[in-house]
Amino acid sequence: MTAPLSEALRDATATAHSEAERSAFVTDLVEGRACAAAFTALATQHLLIYRALEDVLHTHYAGHPLLAPVADRRLDRVPALRHDLEVLVGPDHEVRLADGRLPICVATSAYATTLRDRHTPEMVLANHYVRYLGDLSGGQIVARLVHRHYGVPTDGLTFYSFAGIDKPKVYKDGYRARLDQIPLTAVQREAVLEAAVQSFAANEAVFADLAAARTPLHSAAGVGG
């Protein structure tokens with residue numbers, strides 16, 4: 024008997040998920056060995072990634088049968104990220120992003136470009152699952168640790184708060200149930216699983232770039248630490 028898609032995704036991505044969580048950048052950030060500017064650098068990468076994902080989702084797949092069951096504007100992170108960067112960097116954060124004063128990692132550019140230029144419904148569904156379920160699962164813990172370790176203001180951590188979703192666990196259970204009801208062929212299902220693993224790999228590459236470029240990227244982010 025074929026496992027539900029949510030279980031298959033969990034099993035297929037278990038190793039990649041663990042590797043991403045154990046990356047040097049993430050462990051340093053949550054264990055207090057980084058700085059406030061490290062978090063700002065991460066938020067900057069997130070803005071490009073989520074902007075690409077949400078632009079593609081809402082432009083091309085809003086009513087698509089593979090995406091409609093899980094697409095929910097309450098999950099959108101771009102408005103929160105823009106707000107956070109305004110708090111952390113200033114009202115000119117978009118200008119600084121455009122002119123390179125807020126640096127973008129090579130891996131981030133590659134990830135965003137893949138989402139924009141090579142998207143398929145299966146890829147978008149996989150990234151939707153990986154990103155939003157991850158944010159709903161561990162976001163509040165990350166926000167608390169970043170606030171505690173580096174004094175990042177709570178008003179600059181709204182990326183990790185989902186307005187209108189009062190009970191994340193209940194929402195996640197419902198999300199998985201809707202995911203399991205999406206009609207997929209065997210080929211589509213395999214494509215979703217493969218794209219989910221690739222999504223974790225892309226995320227891990229972003230973390231690796233942030234760790235490797237820590238000093239220049241975090242200094243340029245302008246929060247200090």
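Residue numbers for the sequence shown, in our numbering: 24 to 248.
The C-beta atom is built at its ideal place from N, Cα and C for all residues, glycine as well.
In this text, all values refer to a predicted model and were calculated from it rather than measured experimentally.
Query: Those runs of the alpha helix (DSSP H) which lie wholly inside the stretch 149-173 and span at least 4 residues; Result: none
Query: When Thr82, Tyr152 and Asp189 are compared against Gln163, the one with the closest alpha-carbon; Result: Asp189
Query: First and last residue of the uninterrupted alpha helix (DSSP H) at Thr136; Result: Val129 to Asp140
Query: CA-to-CA distance, Asp78 to Thr137, given in whole angstroms; Result: 13 angstroms
Query: Three-state secondary structure (DSSP) of Met146; Result: helix
Query: Nearest-angstrom Cα separation, counted from Met24 out to Thr63; Result: 46 angstroms
Query: Cβ neighbours of Ser132 in the same chain (closer than 8 angstroms, five flanking residues each side left out); Result: Leu71
Query: Among Val147, Ser184 and Thr143, nearest to Gly161 - alpha-carbon criterion; Result: Ser184
Query: Alpha carbon of Ser222 to alpha carbon of Gln204, nearest angstrom; Result: 22 angstroms
Query: Rounded Cβ spacing between His69 and Phe182 (contact assumed at less than 8 angstroms); Result: 7 angstroms
Query: CB contact flag (Cys128, Asp196, <8 angstroms); Result: no
Query: Neighbour flag for Arg199 against chain C, beta carbons, 8 angstroms; Result: Annotation note: the requested chain C is absent from the structure, which comprises a single protein chain.
Query: Endpoints, the alpha helix (DSSP H) within which Leu80 is located; Result: Ala59 to His83
Query: Beta-carbon gap between Glu42 and Glu217 smaller than 8 angstroms; Result: no
Query: Contacting residues, own chain, Cβ-Cβ under 7 angstroms from Ala66 (five flanking each side not counted); Result: Leu104, Asp107, Leu108, Leu111 and Phe182
Query: Sub-8 angstroms separation of Ala214 and Glu145 beta-carbons; Result: yes
Query: Rounded C-alpha distance that separates Thr236 from Pro206; Result: Per the sequence shown, the amino acid found at residue 236 is Ala instead of Thr. Distance between the alpha carbons of Ala236 and Pro206 is about 42 angstroms.
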